[in-house]
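Reading through the structure tokens given below for one structure.
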Amino acid sequence: MTDVFGNYVIQKFFEYGTAEQKNILTNAVKGNVMSLALQMYGCRVIQKALESIEPEQQMEILKEMEGQVLKCVKDQNGNHVVQKVIERVDASRLQFIIDALVPAGDNMTVCNLSTHPYGCRVIQRVLEHCTDEQKRPVLDQLHKHVKSLIVDQYGNYVIQHVIEHGSLEDRDRIVNQVKGDVLHFAQHKFASNVIEKCLTCGEPHHKNALITEVCGNPNELVLFSFIF
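Using UniProt numbering, you'd call the opening residue of the sequence shown number 1 and step up by one each time.
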């Protein structure tokens with residue numbers, strides 16, 4: 001399963017095998033989930049398994065990941081497995097991931113992961129696939145750090161995802177945080193992406209507020225045009 005060529009064969013077994021054959025393969029994976037998830041080729045086998053097996057078999061894999069979620073999230077291979085779990089496993093079974101991302105009494109894990117090259121991908125998958133109830137503690141942490149996240153090379157993508165997949169209230173809160181600094185953020189390499197997302201995905205009153213702020217400062221607008 002960790003062989004550069006053999007992993008592709010195992011993936012095909014999971015994809016095209018009978019239910020009995022998939023069960024045999026799943027039993028072979030059991031006890032080795034973490035070592036496979038963190039390995040370059042093994043992680044691909046785990047991902048294909050999650051796509052191909054029954055929900056109860058998925059749970060056998062997930063059991064071995066409990067307590068190891070953050071280790072996987074920060075790993076160049078393991079993060080792909082966590083993303084696949086979020087994409088393919090029913091949201092009702094994903095609470096252990098949310099609990100790892102938002103541990104009790106912690107206010108920084110989500111923010112730190114959002115500025116991590118692998119962690120930011122997992123946060124985006126949570127925003128896409130988890131229930132509103134599961135997303136809320138993640139969103140609450142993100143809202144506390146909007147201004148620092150939008151100027152980050154990875155964090156800006158997370159905030160764009162909030163704008164795209166969050167509620168109207170979430171978009172309101174983000175627009176309210178960038179108001180007053182729109183020109184500054186519009187000229188920033190990363191934050192400008194967030195301003196654009198506000199304009200393309202925001203409500204009419206969001207767009208009006210941002211455009212009015214820019215047009216209401218003609219001198220700064222001229223400078224803005226000159227810079228570009």
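We put the CB at the ideal spot given by N, CA and C, even for glycine.
As assigned by DSSP and simplified to three states, the class of residue i
i: His206; result: helix
i: Phe5; result: coil
i: Asn156; result: helix
i: Ser167; result: coil
i: Asp132; result: helix
i: Cys201; result: helix
i: Phe228; result: Confidence at Phe228 is low in this model, with a pLDDT of 44, below 50, so the placement of that residue is unreliable and no value is reported for it.
i: Thr26; result: helix
i: Phe190; result: coil
i: Pro137; result: helix
Residue from the options whose Cα sits closest to the Cα of residue i
i: Asp152; options: Ala186, Asp181, Gln177 and Ala191; result: Ala191
i: Lys63; options: Gly105, Val33 and Pro137; result: Val33
i: Asn156; options: Lys189, Asp3, Lys135 and Gln141; result: Lys189
i: Leu149; options: Glu169, Asp3 and Cys120; result: Cys120
Residue i to residue j span [Cα, whole Å]
i: Gly216; j: Gln160; result: 25 Å
i: Gln39; j: Asn77; result: 6 Å
i: Ala37; j: Lys197; result: 34 Å
i: Ile98; j: His129; result: 12 Å
i: Thr131; j: Ala19; result: 30 Å
i: Ala209; j: Arg88; result: 39 Å
i: Arg173; j: His143; result: 7 Å
Does the structure place the segment 65-77 close enough to the segment 12-26 that three or more beta carbon pairs sit under 8 Å? Short answer: they don't touch.
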